[in-house]
Structures are given as structure tokens and as C-alpha cells.
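Peer 1:
Protein chains: 2
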Amino acid sequence: MNWGAIDKYAKSLIKEAGHRIRVSFYTNISVDTKASANDLVTNIDREIEQFFIERITKDFPEHRIVGEEGFGDTIDSLDGVVWFLDPIDGTMNFVHQKRNFAISLGIYVDGVGMFGYIYDVMRDDFYHATRGEGAYFNDERLPRLENTPLSEAVIGINAIWVTPNRYVEHEPLIELVRSCRGTRSYGSAAIELAYVSSGRMDAYMSMRLSPWDVAGGMVIASEVGAVSSTMTGEPLSLLGQETFIVAKPGLQQHILKHHIRLK
Amino acid sequence: MNWGAIDKYAKSLIKEAGHRIRVSFYTNISVDTKASANDLVTNIDREIEQFFIERITKDFPEHRIVGEEGFGDTIDSLDGVVWFLDPIDGTMNFVHQKRNFAISLGIYVDGVGMFGYIYDVMRDDFYHATRGEGAYFNDERLPRLENTPLSEAVIGINAIWVTPNRYVEHEPLIELVRSCRGTRSYGSAAIELAYVSSGRMDAYMSMRLSPWDVAGGMVIASEVGAVSSTMTGEPLSLLGQETFIVAKPGLQQHILKHHIRLK
């Protein structure tokens, strides 16, 4: 397998998809809902996913593709080469803001993340990494992260997790919000993973994410020394919805130990 | 008074200050804390405020200037012309992220907001308005806002206000977070006011803001039909720290009535 060529191929596909998304703002965008009234999807999410899948299946027929909109494969193992794609991560931002969304792509081989890409389309910010070769923000190498105490940490957490919910006790999370330097919420797991990887936040967490939300970002985060896991501290299976935290290593341990009590 | 000239003057000052801030990233930035460990200030906040104040006092000696860093005037009335300046709104983002902060400026005459400016420095996004003449995002006129039901609203609220705090009962705010389409938190009141004004969010609120955080944004928001008030529904005094909400009109009424119970 010529991995360098696959890396170039993936980058060029993502840039072309980004261009298509920017052009889409001059067309009619139709918004539907999926699992719930706040789970939005548009014709553009679908068209961009189909664009990726048509190209990848033609050029790499033996690879499998898992995409948010369901045009790809359903998998029950990570054997072989699997592409995890979110054509528009942060669809609510895409619809309401026309910005603050990203294309997220991760390429895994037998369960090991080889390539990760996050493209913040409207900022034209491209985060990417190759396993063992470091992570980049545009053309700039991202430095390894140094640890930060909780009192100086900026944490990506949505307010919803600080309210009673079915996944986690919210009281210890109230303590987390009150103990850190500040919280942010951007509405795109991919962008928040990119922010942790580039040192703009110190941790990001959510109680329910899908493989395509995090697969690309996890490769990037890993190359700068951030730790990704479920809320029980296990590696993600990438086979279904899971809890998720990415953080600088000491901080991840501290948060899991003191602020996470799963229901 | 030649108001058109003052508008041009203010715009050019803000652009020059933005340039100085961008250049500052190539110098040493020293970070101090103010009222609390999470209330950050840097030498750049101070230098930029002094840059504005030196220019404005020289060119408009009869105007008063109220700035976050305290180099300007202390006021106990809004008589005459008052400039409300936050040289870097979102200092924590400036320090941690090198982005997502803004210069915020409002020019008031006898308590009436005449000009409002918000400059998202790193995106190079400039929001501005003149009373009675509409609001602009860069060179594009911002449309008047249409109302949005709470169930479809994206609301800017920091997770801290959904935890027990000294200003407001947090339980009704938990209900707000669970009833809206989604919440975001960007860590800059000016940027969040700009987002409401440009339709990217439907409301933004905080329990403790200073005049310089909101004075510029309120002029912009008003020109697109958004309502700004304290949490009791009163106009802001702009003479000290206050509670604050800006929203599309029906939404502001709904939130105040059903989700705000001040302590």
C-alpha cells in the first residue's frame, strides 16, 4: 500500500469537498431532522458524503467507508482499511451560522488510526496528522502538549451535560465547571478536538459521540500527546455511539477520577 | 459635530489597533490576573487601551472614555459624548487561543448609542452600525431579525450559569438549556452580540457584564431589531456591572418570563 499517495489523495478530496460546501451557500439548502428535532441534516451533508463515497469506492474498492449519513458501509469490526467520514461535523452551525463546522476524516488500518484530518471549511484551517509523524495546523507543526492543572484549564463542555441527563451524574460536572478556568462550547466535536490538539483548549468531552465525529481528530490528538478515551478510560471501539473525552494526560486522569460518575 | 468623520475616525483607529494586536503575537505577552485567578489581563490589553485613549483625548478632548483597563475616565452619568472601549474582549481566548477575541467600541451621546463596532481581529470580521442607518457585517447590510421559537433557538450561555451561582436561580436555566435547540459559549460577549446581530445565534446572556463589554454590540443589535436589557427587562444603565440579555424580541420576553429568577 502506498500510504503517502493515500494521504495526498485524502487531502485533495477534502479540499475539493470544502470548495463544494462553500459554493453550496449560493444554492438552496434544505434542512431535515433525523433522530430528534435538534438532530439536523441537509441535502449538502448527503451530497458531500456521496461525493466522498463515490470517489473512494471507485479508487479503493477494497476499503470500507463509515459515514454519518449512512451511504457507506455498516461495520462490526475494524479489520482492513476503514475510512470514518463526517462530511459536515456541526450541521447545526452549518445551518444557523454558515461557519464553525468541519469535514472530519480518519483512516484506520486494522483498528489503528493512520491518518487524521479536520478541515474547518470557512476558516480554511486544515489540521492533519500521520501516525508517528506528528500533527500539523496548516503547514505548521503542532508542538507536543504540556500538562495544565485544572485551575488553569479551558474545557470544552456543552451546558447540557451540566443538567440532569441519562448518561452521567451532573453534580460532579458542576464542580468541574466551577473548578476550571473557563468553559467553551463550539458545537462541533471535530473543531473541539482540533482546538485541544492545537493547545487552544485543554480538554473536550461529550457523553454521546459517533465514530465519524472523533476518528480523524483522535489521530491528530494522539500525535501531540493528548489522550482520547471513553468516560471509563477505555479506548473507543469506534463501532457505535460512545462517551468521549480528549485531554492532556494528567487532566484526563483527574477529570475521570473526580468528575465523572456514569449512570 | 461631524458624525460621519467620527465614524470614519473610529473605524480607522480600530483597524490600526487590530493590526497592532496581530503583530503582538510576535512579541512577549505577559499575563496577569485582576479580580480573580481567572480574570486575565495582558500588557497588550493595556497597550491597546492606552493607544486608543491617547488618540481620542488628543483629537476629542471634550469626550470621555470608559475603558476596561481603567486608563480612561470614571463616569457617574452618561452626559455628553462617551466612548465605551474594550481593547480585547475575551482576554482568556486571546491568551489561550490567539483567536476568538474582539475589539468592542460604542460611542454614546447623552446616553443614546450612536455608533457600535465589534472587530473580530483574527477572522478580520468587522461588525458596525450607526443609529438609524442599519448594521453591517463587513460591507454587507445585516437583515432585520425574524423571531424564532425557543425550540429552534441557538442560545449563547456559559455552563457556569447553569450551576448554582450568586446571581440567578439555576434550575429555570436548566430548563432553558433543555428546551432550546442548542447552546454555545464563545467566551467573548462582543462576539456573541455580533453573532446574535448576524442571526448566527438567537440569544446571548450573562449575569455579570461591564459597560465596555456590551455598549458597542447593543448599537449593532438594536439596528437589526434585537432587544438588549438587564435580566429584569430594564435598559442598561452602563454605569456599572449588570445582568444582560440580548435576543430577538419575542424570545427575550419568553426567556425573562419563564427562565430567569434573580436571587
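These protein sequence lines map, in sequence, to chains A and B. The opening residue of the first sequence carries number 1 in my numbering; numbering runs sequentially from there. The opening residue of the second sequence carries number 1001 in my numbering; numbering runs sequentially from there. All C-beta atoms, glycine included, are put in the ideal place defined by N, C-alpha and C.
Comparing C-alpha positions only, which one of A/His19, A/Pro164, A/Asp76 and A/Lys11 sits nearest to A/Ile44?
Peer 2: For the residues A/His19, A/Pro164, A/Asp76 and A/Lys11, the minimum Cα distance to A/Ile44 belongs to A/His19.
Peer 1: Can you tell me whether DSSP reads A/Leu78 as helix, strand or coil?
Peer 2: The answer is coil: DSSP assigns A/Leu78 none of H, G, I, E or B.
Peer 1: Go through the segment 123-192 of chain A residue by residue and report every complete run of the beta strand (DSSP E) that reaches 3 residues or more, in order.
Peer 2: 125-130, 135-137, 154-156 and 182-184, all fully within the segment 123-192 of chain A.
Peer 1: Exposed or buried, what is A/Met218 when buried is set at 16 or more other beta-carbons lying within 10 Å of its beta-carbon?
Peer 2: Burial call: buried.
Peer 1: Would you say A/Ala190 and A/Leu251 are within 7 Å of each other, going by their C-beta atoms?
Peer 2: No. Outside cutoff.
Peer 1: Could you pull out every residue in the same chain whose Cβ sits closer than 6 Å to the Cβ of A/Thr243, ignoring the five residues on either side in sequence?
Peer 2: Met207, Thr230 and Met231.
Peer 1: Tell me which residues share the same chain as A/Asp7 and place their Cβ nearer than 7 Å to its Cβ, disregarding the 5 neighbours each side in the sequence.
Peer 2: Counting only Cβ-Cβ distances below 7 Å, and skipping sequence neighbours, we find Phe115 and Thr130.
Peer 1: Counting contacts by CB-CB distance shorter than 7 Å, is B/Ser1206 in contact with chain A?
Peer 2: It does not; no Cβ of chain A falls within 7 Å.
Peer 1: With DSSP as the reference, please indicate the residues paired to B/Trp1083 in a beta bridge.
Peer 2: According to DSSP, which records beta bridges pairwise, B/Trp1083 is partnered with B/Ile1065 and B/Ile1107.
Peer 1: Any contact between the segment 173-181 of chain A and the segment 1155-1171 of chain B? By contact I mean 3 or more CB pairs, one from each, below 8 Å.
Peer 2: Enough Cβ pairs lie closer than 8 Å, so yes.
Peer 1: Can you list, in chain order, the residues of its chain with a C-beta nearer than 7 Å to that of A/Ile260? Leave out the 5 residues immediately preceding and following it.
Peer 2: Excluding residues within five positions, the ones whose Cβ falls inside 7 Å are Val168, Pro172 and Met231.
Peer 1: Cβ closer than 8 Å: which chain A residues qualify as neighbours of B/Ser1151?
Peer 2: Those are Ala37, listed as they occur along chain A.
Peer 1: So, A/Val196 versus A/Ala226, is the Cβ gap smaller than 7 Å?
Peer 2: Yes; because the gap between Cβ atoms is below 7 Å, this pair is in contact.
Peer 1: Using the three-state DSSP reduction, which class does A/Arg208 fall into: helix, strand or coil?
Peer 2: Of the three classes helix, strand and coil, the one that applies to A/Arg208 here is strand, per DSSP.
Peer 1: On the DSSP bridge list, what partners appear for A/Asp45?
Peer 2: A/Asp45 is not bridged to any residue.
Peer 1: Using beta carbons (cut-off 7 Å, strictly below), is B/Gly1090 in contact with chain A?
Peer 2: With 7 Å as the cut-off, B/Gly1090 does not count as an interface residue toward chain A.
Peer 1: Given that A/Asn158 touches chain B, what residues does it touch there, using C-beta distances under 7 Å?
Peer 2: In chain order: Thr1183.
Peer 1: Determine whether the Cβ of B/Thr1130 lies closer than 7 Å to any Cβ atom of chain A.
Peer 2: For B/Thr1130, the answer is no, since every Cβ of chain A falls outside 7 Å of its Cβ.
Peer 1: Between the segment 1092-1100 of chain B and the segment 1074-1084 of chain B, do at least 3 Cβ pairs fall closer than 8 Å?
Peer 2: Contact between the segment 1092-1100 of chain B and the segment 1074-1084 of chain B is absent, because fewer than three Cβ pairs lie under 8 Å.
Peer 1: What residues in its chain sit with their C-beta under 6 Å from that of B/Ser1185, if we drop five residues either side in the sequence?
Peer 2: Closer than 6 Å at Cβ, skipping near neighbours: Asn1158.
Peer 1: Going along chain A, which residues have a C-beta under 9 Å from B/Tyr1186?
Peer 2: Under the 9 Å cutoff, chain A gives Arg184, Ser185 and Tyr186.
Peer 1: Within 10 angstroms of its Cβ, does A/Phe79 collect 16 or more other Cβ (buried), or is it exposed?
Peer 2: One detail in the question is off: residue 79 of chain A reads as Asp in this sequence, not Phe. Exposed.
Peer 1: Which of the residues in the segment 1216-1233 of chain B, read from start to end, lie with their CB under 7 Å from any CB of chain A?
Peer 2: Within the segment 1216-1233 of chain B, no residue has a Cβ that lies closer than 7 Å to any Cβ of chain A.
Peer 1: Mind checking which residues open and close the alpha helix (DSSP H) that includes A/Val23?
Peer 2: Trp3 to Ser24 is the span of the alpha helix (DSSP H), which, as asked, contains A/Val23.
Peer 1: In its own chain, which residues sit with a C-beta less than 8 Å from the C-beta of A/Gly240, not counting the 5 before and 5 after it?
Peer 2: Contacts found: Ser210 and Pro211.
Peer 1: If I measure Cβ to Cβ from A/Thr33 and keep anything under 8 Å in the same chain, skipping five residues before and after, which residues do I get?
Peer 2: Counting only Cβ-Cβ distances below 8 Å, and skipping sequence neighbours, we find Asp39, Leu40 and Val41.
Peer 1: Thinking C-beta only, is A/Ser237 closer than 7 Å to A/Phe137?
Peer 2: No.
Peer 1: With a CB to CB cut of under 6 Å and the five nearest residues on each side skipped, what residues in its chain are close to B/Ser1151?
Peer 2: None.
Peer 1: Determine whether the Cβ of A/Val246 lies closer than 7 Å to any Cβ atom of chain B.
Peer 2: It does not; no Cβ of chain B falls within 7 Å.
Peer 1: Under 7 Å between C-beta atoms, does B/Thr1148 make it to chain A?
Peer 2: It does not: the Cβ of B/Thr1148 has no partner Cβ on chain A nearer than 7 Å.
Peer 1: Please classify B/Gly1182: is it buried, with 16 or more other beta-carbons within 10 angstroms of its beta-carbon, or exposed?
Peer 2: Buried: at least 16 other Cβ atoms inside 10 Å.
Peer 1: Leaving out five residues before and five after B/His1128 in sequence, what residues of the same chain have Cβ atoms less than 6 Å from its Cβ?
Peer 2: Within the same chain, B/His1128 has close Cβ partners Tyr1117 and Tyr1136.
Peer 1: Under 7 Å between C-beta atoms, does A/Thr163 make it to chain B?
Peer 2: So, interface residue.
Peer 1: A/Tyr119 and A/Ile220: beta carbons closer than 7 Å?
Peer 2: In this structure, A/Ile220 does not lie closer than 7 Å to A/Tyr119 by Cβ.
Peer 1: May I ask you to list, following chain order, the residues of the segment 1005-1029 of chain B that have a beta carbon less than 8 Å from some beta carbon of chain A?
Peer 2: Hits within the stretch: zero.
Peer 1: Buried or exposed for B/Tyr1026, going by 16 or more other Cβ atoms inside 10 Å?
Peer 2: The residue in question, B/Tyr1026, is exposed, as its Cβ has fewer than 16 Cβ neighbours within 10 Å.
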